[in-house]
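Visitor: As they're listed, the protein sequences go chains A and S. Using the working numbering, the first residue of the first sequence is number 2, and each one after it goes up by one. Using the working numbering, the first residue of the second sequence is number 2, and each one after it goes up by one. Cβ coordinates follow ideal geometry from the N, Cα and C atoms, glycine included. Okay, handing you the structure first.
2 protein chains.
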Amino acid sequence: MAQSTVADLVERHRPTLEAAVAAAAQRGYWSAYPESPSPKVYGETAAAEGLEAYQAYLGKPFPIDQPSTDGWVGSERSPFGPKLGVTYPHPEVDALLAAMKAALPAWRDAGPETRAAVCIEIVDRLNKRSFELANAIMHTSGQAFVMSFQAGGTHAQDRALEAIAYGYAEMTRHAGSAYWEKPQGKRDPLKMTKTFHPVPRGIALVIGCNTFPTWNSYPGLFASLVTGNPVVVKPHPRAVLPLAITVAVGREVLAESGFDPNLMCLAAEADGEGLATVLATHHDVKIVDFTGSSQYGNWLEQHARQAQVYTEKAGVNTVVVDSTDDWRGMLGNIAFSLVLYSGQMCTTPQNFLVPRDGIQTDDGHKSFDEVAAGISVAVDNLTGDEARAVELLGAIVNQGVLDRLAHAEGLGSVVRPSATLTHPSFPDAVVRTPLLVALDAKDEEVYAGEHFGPISFVIATDSTEQSLEIFRRTVGTHGALTASVYSTREPVLEAAEDAAIDVGVALSCNLNGGVFVNQSAAFSDFHGTGANPACNAALTDGAFVAGRFRIVQSRRHV
Amino acid sequence: MAQSTVADLVERHRPTLEAAVAAAAQRGYWSAYPESPSPKVYGETAAAEGLEAYQAYLGKPFPIDQPSTDGWVGSERSPFGPKLGVTYPHPEVDALLAAMKAALPAWRDAGPETRAAVCIEIVDRLNKRSFELANAIMHTSGQAFVMSFQAGGTHAQDRALEAIAYGYAEMTRHAGSAYWEKPQGKRDPLKMTKTFHPVPRGIALVIGCNTFPTWNSYPGLFASLVTGNPVVVKPHPRAVLPLAITVAVGREVLAESGFDPNLMCLAAEADGEGLATVLATHHDVKIVDFTGSSQYGNWLEQHARQAQVYTEKAGVNTVVVDSTDDWRGMLGNIAFSLVLYSGQMCTTPQNFLVPRDGIQTDDGHKSFDEVAAGISVAVDNLTGDEARAVELLGAIVNQGVLDRLAHAEGLGSVVRPSATLTHPSFPDAVVRTPLLVALDAKDEEVYAGEHFGPISFVIATDSTEQSLEIFRRTVGTHGALTASVYSTREPVLEAAEDAAIDVGVALSCNLNGGVFVNQSAAFSDFHGTGANPACNAALTDGAFVAGRFRIVQSRRHV
């Protein structure tokens, strides 16, 4: 029964898998999961059902059946106000990992094609529950609803599929078996058959973050799972629900497909418990995927020595402003990138390097102050209508962001203070607009560090040449996930690209429309590079998947 | 001029590159460099010219021009007797690495195709100097001449080409640029062009070993170089010459192709100086490839934290003997694998697990003692004629091997003592035949460790089931580079393969002819797995190359 189900899955998902593998190589636009939360795409009842499903979780133990539970934990509060009141099973670690190890051999032996099909089925089911997930993401991350649906739902699903495609391609780049015949001159040739088994490393740990519980977790989760590793998911204690739903869906599909559901387990923790450290340094954990602070990411890289560790940490995302032939487009694009999710993205620009003598634009010369004011006004325009603003800004995810905001106001000359807005639907939500602070090039000790949240600096430099020097130095030393440049001069664009290549950061040039520096598209844009201190891996390239399994061969004479 | 040269190289080597990429995927037999040292292949004068070229190095400073030399070092003595008397430039490390860093951008910007062509040209030139290299390898490693020519010459060249092919394939698996058009419903689509630059990590260090100075160094060296990293080669102080020739050839080709020769540099050291540690922990060194002891390999993995570290260390290579339908073939094959280079290969079998009640064979039942004696006699047969024996045994590489041999004689019941032979051509060569010691399964503390050299144990077990248990436990805990099994029973072969998959070691079944467990063929066999403690990488798979570079993208609207 399970056999036929799995064969069906392999057949059903083969076209998607093949298309995904091809798309990843070609890197044009491709998406498997429509990003529009429209009833025309997802059905007339999908939105209401998703909300209902979300609400059904509230105030109860989360419905998941997994072994070795020694208690129930949960303290999530929506950044939009209400407590969620959901509790989750807390694992007895050694027993949980033992159950997961026991699940490994059958999954390993099922082979790449079957694993890829089962993984895609999981993602497909998650896609069908995108509204439910969007509500869960909104009320744990503070993202506005549409962003939760897109970034946390469909874009995360595309990133999951991308990781599956890379893992599958990597496991199947070699023949599974081969005939080898070596000539021996006049003697008979030597003849052998050889078999090549991809074998997983062991148990994989995914450590989720507060702001993007699914988008940042899915690539590692599915890259590990498709390559044969059981995956234990340790969510951020303030963003458990989206990953609990994910794990529950995964367990359901695994069990239906005849596999041990313990190939995917949830490891929820009490806030401040430190379960990530216990798991990440456990001798049975062989892979760790982490998104979060540089401090803890660096600690993991140093101390989780028994595991392959993939980290996404923090950096100083930088924009070099030299000149533009679309002043309004540039300002609107920059403002949107600052307003989106209140700047609480690891990809939000922080440092705007602007010549103190101003810049040339299609609207005439603009002084440094006019550039700063222009960004400020563009932000005002996006946030002036409170009801519309909250659908971009979302809510502040936690007190740490507010503390940094308060601190940042004293770091320089405030160009635009952060305003507090009232959310029409959620009066308890903390909604803040971006803070813009003017600095001078010499204030490097301030702007060389990350100030996570709706905090950006407009930094006066002697020239674009100095801007590029600062860009090289700060990103080279402290890392960045994104960079962008505005210039009408091709030599400046080239110099910026040279600098981006030297310091290893992805560069966007002259964004002035509907593409924003903080967004990266699965199958086309690599998220992060692994080439600067902000992360040691990219989503997704060969290096992200190749180390998650090994090839064990056997050979015998024919 | 350099431009046209490089274009010529690209054209000339494209067929080889494409064939190598295809061969690596298909994994049948393929080789670019003929292994036969026959005059028909390499020319009537090649052998004499190679010997002459080797002899011309002796007693002089090695002819290599590289910057930042602060002295000359060299203390090589041939395991066959004579001192080499060659001296090599000793680098001032910071200045040498600075010169190498300066060479990086042009090499990076040349792109994958050009780099692959230049790398293949280097390997082709090394191939043409295979006799010269064979003499250098023979007189530093102690390998007999034909093995030096094949393993150190042509097989190493094939492994180099394999690494180049993997690196090239990995860098070109994505489009170099792409057009991206995202539909926006009724609005105009978003349109961008994107460029994807493969960028190297930085300076790569290759730490060579005494026994296989080229075979074990070339994969890392060429994998790093083709992916854009300058490579500094730190040879073992007793096996410098083969790598000095390699670096000199590389520098010559790089310079002729219009690149900075400092993309390949030699870092020779005085014996005991510890230069590897200085280099491996230097902030500019971003990749380390190491072959040698588990102790130092593990130290590098722990301490060279700024670098990606690839290690091949030591393990307990194991043979499970259950039964055979080719008693003579089995014994002959095993004996050859022990005699070859006096067991001084990281792939030589050490532990033979044999049921104490004996085994079934096509020559009737054989007791445990008869199995041990059978191997012993087969070794005698291969080593009885001194003049022929030395062409298999070569010479003992260093005093450490002799010390271990003396120690091992006291570890159990000696089945076959190690004999001392006299080399007809090199009276000062230390030539020893394999030692065979009988142990019991309970002597695990003895056989669970590696005893590098011509030292093997025939271990009496309760049954093949216990043999497989011991195999799992010792290889799982201490690692192995090779394993093999002899059985006429399919369930035993399957159980051995299951065990090999579980503990992550390559398995050879019933070898009884011209393929030996200690040999792995480029493009078909993976050497090592990275899945057990004997090494953290395999030669060569995607994981070996994917982490040596990163992808940095730029994007702009059309």
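1. Applying a beta-carbon distance threshold of less than 8 Å, which residues of chain A neighbour S:H284?
2. How is A:A20 classed by DSSP in three states: helix, strand or coil?
3. Taking S:P62 and S:W73 to be in contact with their CB atoms under 8 Å, please state how far apart those CB atoms are, rounded to whole angstroms.
4. Does the contact criterion of 3 or more C-beta pairs under 8 Å hold for the segment 347-358 of chain S versus the segment 512-524 of chain S?
5. Just to confirm, is the Cβ distance from A:N136 to A:Y34 under 8 Å?
6. Determine the closest residue to S:S324 out of S:K314, S:V340 and S:E371, with distance taken between C-alpha atoms.
7. Suppose you measure from the CA of A:K84 to the CA of A:Y55; what does that come to, to the nearest Å?
8. In the structure shown, what three-state DSSP assignment does S:T196 receive?
9. Show which residues of chain A have a CB atom less than 7 Å away from the CB atom of S:D30.
10. What does a CB cutoff of less than 8 Å around A:V355 pick up in its chain, not counting 5 residues either side in sequence?
11. Leaving out the 5 sequence neighbours to the left and right, which residues in its chain are closer than 7 Å to A:E171 when beta-carbon positions are compared?
12. Roughly how many angstroms separate the alpha carbons of S:Q303 and A:D386, rounded to a whole number?
13. Is the beta carbon of S:L332 sitting closer than 8 Å to the one on S:I376?
14. A:H198 touches chain S at which residues, Cβ-Cβ below 8 Å?
15. According to DSSP, is S:I288 helix, strand or coil?
16. Leaving out five residues before and five after A:Q351 in sequence, what residues of the same chain have Cβ atoms less than 6 Å from its Cβ?
17. Ignoring anything shorter than 4 residues or poking outside the segment 18-90 of chain S, list the alpha helix (DSSP H) runs there in chain order.
18. Could you tell me whether the segment 85-100 of chain S touches the segment 262-276 of chain S, using the rule of 3 or more Cβ pairs below 8 Å?
19. Does the separation of the CB atoms of A:L191 and A:V207 fall below 8 Å?
20. Can you give the Cα-Cα distance for S:M2 and S:L97, rounded to whole angstroms?
21. Distance check for A:P201 and A:N230, CA to CA, integer angstroms please.
22. Enumerate in chain order the residues of its own chain whose CB-to-CB distance from A:P68 is below 6 Å, with the five nearest sequence positions on each side excluded.
23. For chain S, check one thing: does any of its Cβ atoms lie closer than 8 Å to the Cβ of A:L540?
24. In whole angstroms, give me the CA-to-CA distance for S:I233 and S:E133.
25. Measuring only the C-alpha atoms, how far is S:N511 from S:D327?
26. Can you tell which of S:G514, S:L339, S:R239 and S:A532 has its C-alpha closest to the C-alpha of A:R557?
27. Between S:T141 and S:R160, what straight-line distance do the alpha-carbon atoms span, to the nearest angstrom?
28. Determine the chain S residues that contact A:R329 at a beta-carbon separation under 9 Å, and present them in chain order.
29. Any heavy atom of the ligand MN inside 7 Å of the beta-carbon of A:V207?
30. Answer yes or no: does any C-beta atom of chain A fall closer than 8 Å to that of S:Q351?
31. Contact criterion: CB-CB distance below 8 Å. Does A:N511 meet it with respect to chain S?
32. Using a Cβ-Cβ distance cut-off of 8 Å, determine whether A:S258 contacts chain S.
33. Take A:E182 as the anchor and find which of S:G29, S:M193 and S:L59 has the nearest alpha-carbon.
34. Look up A:M346 in the DSSP assignment and say whether it is helix, strand or coil.
35. Cβ closer than 9 Å: which chain A residues qualify as neighbours of S:T530?
36. In this structure, does DSSP put A:I208 in helix, strand or coil?
Guide: Let me spell this out:
1. The contacting residues do not exist; S:H284 stays about 12 Å from chain A at best.
2. helix
3. 6 Å
4. yes
5. no
6. S:E371
7. 13 Å
8. strand
9. Reading the sequence as shown, one finds Tyr at residue 30 of chain S and not Asp. Those are W181, E182 and K183, listed as they occur along chain A.
10. V322, F369, V372, A373, V459, I460, A461, T462 and S468
11. G543, V546 and A547
12. 55 Å
13. yes
14. I502
15. strand
16. V317, N318 and S457
17. 40-43 and 47-58
18. yes
19. no
20. Because the pLDDT at S:M2 is just 46, under 50, the model does not fix this residue reliably, and the point stays unresolved.
21. 5 Å
22. A100
23. no
24. Ile is not the amino acid found at residue 233 of chain S; the sequence shown has Val there. Each residue's alpha carbon lies about 22 Å from the other.
25. 9 Å
26. S:G514
27. 20 Å
28. Near A:R329 there are no residues of chain S at all, since even the closest Cβ is about 15 Å away, more than 9 Å.
29. Only the bare structure without any ligand can be found here, which leaves the ligand MN out of the picture.
30. no
31. yes
32. no
33. S:G29
34. coil
35. V200, R551, I552, V553 and Q554
36. strand
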